[in-house]
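Engineer: Have a look at this one.
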Amino acid sequence: MKRCFEVNNGCKKIPAKVSRLVFSQFSTLSTEEPEKSGADMVDRNYPATGEITFRLMDETSATISRTKAEVLAKAIKREFTSPTFIWEKGWYKYTYKDVERGYDFRLLVKSKTEGVAIVRKVLEVQGHPFSDDNQQYIDHDRTYSLNPGTHRVYGSTAKKPIQRPRVDVRFRYAQLLVHGRVNAINLVAMSDVGLKSVIERIGSN
Numbered sequence: 258m259k260r261c262f263e264v265n266n267g268c269k270k271i272p273a274k275v276s277r278l279v280f281s282q283f284s285t286l287s288t289e290e291p292e293k294s295g296a297d298m299v300d301r302n303y304p305a306t307g308e309i310t311f312r313l314m315d316e317t318s319a320t321i322s323r324t325k326a327e328v329l330a331k332a333i334k335r336e337f338t339s340p341t342f343i344w345e346k347g348w349y350k351y352t353y354k355d356v357e358r359g360y361d362f363r364l365l366v367k368s369k370t371e372g373v374a375i376v377r378k379v380l381e382v383q384g385h386p387f388s389d390d391n392q393q394y395i396d397h398d399r400t401y402s403l404n405p406g407t408h409r410v411y412g413s414t415a416k417k418p419i420q421r422p423r424v425d426v427r428f429r430y431a432q433l434l435v436h437g438r439v440n441a442i443n444l445v446a447m448s449d450v451g452l453k454s455v456i457e458r459i460g461s462n
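Taking the numbering used here, I'd label the letters of the sequence shown as residues 258 to 462.
Structure follows, in structure tokens:
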């Protein structure tokens, strides 16, 4: 079956735009007791990152415009840079699914409260309501080692990456991905992010 990205030849309209919010680790602190329960860990070999994406269900590649991108950029700037939003990543999975509005989030967080806070921020970008019926929080009593050992990589010994590291990452930039366009549209970026032609460039905090 042919997949359509626009209203064309009787095909169903499928949103062709994805907005992407990118986060990265910024802490330089590490713990002296890596196995301590609840301790945050910074691994310089595998710096933590995070990405949240959602679809713009009311737009197609043909209807999206620079003016609409500017509105989206201002909304993201408002929600994620005043002050800079911090995502507290952790061991637990929080999901939020609202397909009709373009949301299908699977977030690793330290608590349910953190998951709710992140989703509410994203929903505010388009002024959408939060619904308890769309969320799920998966709690468990498992722990993940902050010192997983080493393995051989290309003839050398290297540290294994930490699974589900407990670490804070903060907002870095946001892009709009439009089907049919080669380059992403840079909506928002912090001052030290090396992106060009950014609609909303944010100064250092």
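We treat Cβ as the ideally placed atom computed from N, Cα and C, and that holds for glycine.
Using the Cβ count rule (16 or more neighbours within 10 Å means buried), how would you classify residue 327?
Structural biologist: For this step, residue 327 is matched to residue 70 along the sequence shown. With fewer than 16 other Cβ atoms within 10 Å, it is exposed.
Engineer: Taking the DSSP output, what are the residues bridged to residue 276?
Structural biologist: In the sequence shown, counting from the first residue as 1, residue 276 sits at position 19. DSSP lists 311, 433 as partners of residue 276.
Engineer: Let me confirm a value: residue 338 is counted as buried when at least 16 other C-beta atoms fall within 10 Å, else exposed. Which label applies?
Structural biologist: The residue you call residue 338 lines up with position 81 of the sequence shown. By the neighbour-count criterion, in which a residue is buried when 16 or more other Cβ atoms sit within 10 angstroms of its Cβ, residue 338 is buried.
Engineer: Which partner residues does residue 427 have in the DSSP bridge list?
Structural biologist: For the purposes of this step, residue 427 is taken as the residue at position 170 of the sequence shown. Answer by DSSP bridge pairing, in chain order: 281, 343.
Engineer: Going by DSSP, what residue range makes up the alpha helix (DSSP H) through residue 328?
Structural biologist: Numbered from its first residue, the sequence shown carries residue 328 at position 71. Counted as a single uninterrupted DSSP element, the alpha helix (DSSP H) harbouring residue 328 occupies residues 323 to 337.
Engineer: Quick one: is residue 395 buried, meaning 16 or more other Cβ sit within 10 Å of its Cβ, or exposed?
Structural biologist: Residue numbering aside, residue 395 sits at position 138 when the sequence shown is read from its first letter. Taking all protein chains in view, the Cβ of residue 395 is surrounded by fewer than 16 other Cβ atoms within 10 Å, so the residue is classified as exposed.
Engineer: So the alpha helix (DSSP H) residue 456 belongs to, where does it begin and stop?
Structural biologist: The residue given as residue 456 occupies position 199 in the sequence shown. Careful: residue 456 lies outside any alpha helix (DSSP H) and carries neither H nor E.
Engineer: Rounded C-beta distance between residue 444 and residue 431? I'm assuming under 8 Å.
Structural biologist: Working through the sequence shown from its first residue, we reach residue 444 at position 187. Working through the sequence shown from its first residue, we reach residue 431 at position 174. 4 Å between Cβ atoms; contact.
Engineer: Can you check DSSP and say which residues form a bridge with residue 408?
Structural biologist: As a first step, residue 408 must be located in the sequence shown, where it is residue number 151. Residue 408 is bridged to 415.
Engineer: Three or more beta-carbon pairs under 8 Å between the region 369 to 379 and the region 399 to 415, yes or no?
Structural biologist: The region 369 to 379, when compared against the region 399 to 415, does not touch it at the 8 Å Cβ threshold.
Engineer: Return the CA-CA distance between residue 380 and residue 360, expressed in angstroms with no decimal places.
Structural biologist: Here residue 380 is taken as the residue at index 123 of the sequence shown, counted from 1. Here residue 360 is taken as the residue at index 103 of the sequence shown, counted from 1. Approximately 9 Å, taken between the alpha carbons.
Engineer: Measure the alpha-carbon distance for residue 314 versus residue 435 and round it to whole angstroms.
Structural biologist: Translated into positions along the sequence shown, residue 314 becomes position 57. Translated into positions along the sequence shown, residue 435 becomes position 178. Spanning the two alpha carbons is a distance of roughly 12 Å.
Engineer: Residue 349: buried (16+ other C-beta within 10 angstroms of its C-beta) or exposed?
Structural biologist: Position 92 of the sequence shown, counting from 1, holds the residue named residue 349. Under this definition residue 349 is a buried residue.
Engineer: Can you list, in chain order, the residues of its chain with a C-beta nearer than 8 Å to that of residue 281? Leave out the 5 residues immediately preceding and following it.
Structural biologist: Against the sequence shown, residue 281 aligns to sequence position 24. Cβ within range, chain order: 304, 305, 306, 307, 426, 427, 429.
Engineer: Measuring CA to CA, which of 415, 455, 312, 355 is closest to residue 388?
Structural biologist: Counting from one through the sequence shown, the residue named residue 388 turns up at place 131. Per the C-alpha coordinates, the member of 415, 455, 312, 355 positioned closest to residue 388 is 355.
Engineer: On the DSSP letters alone, give me the boundaries of the alpha helix (DSSP H) that residue 376 sits inside.
Structural biologist: Position 119 of the sequence shown, counted from the start, is the residue given in the question as residue 376. Start and end: 369 to 383.
Engineer: Between the C-alpha atoms of residue 296 and residue 449, what's the straight-line distance to the nearest angstrom?
Structural biologist: As a working note, residue 296 is residue 39 in the sequence shown. As a working note, residue 449 is residue 192 in the sequence shown. Only weak support exists for where residue 296 lies, its pLDDT of 46 falling under 50; the coordinates are left without a value.
Engineer: Do residue 465 and residue 441 have their C-beta atoms closer together than 8 Å?
Structural biologist: Past the boundaries of the shown model lies residue 465; the chain is included only from 258 to 462, so the question cannot be answered.
Engineer: Measuring CB to CB, does residue 351 end up less than 8 Å from residue 369?
Structural biologist: Residue 351 sits at position 94 when you count from the first residue of the sequence shown. Residue 369 sits at position 112 when you count from the first residue of the sequence shown. Result yes, Cβ atoms of residue 351 and residue 369 sit closer than 8 Å.
Engineer: Check the DSSP bridge columns for residue 443 and list the partner residues they point to.
Structural biologist: The residue given as residue 443 occupies position 186 in the sequence shown. Paired residues: 432.
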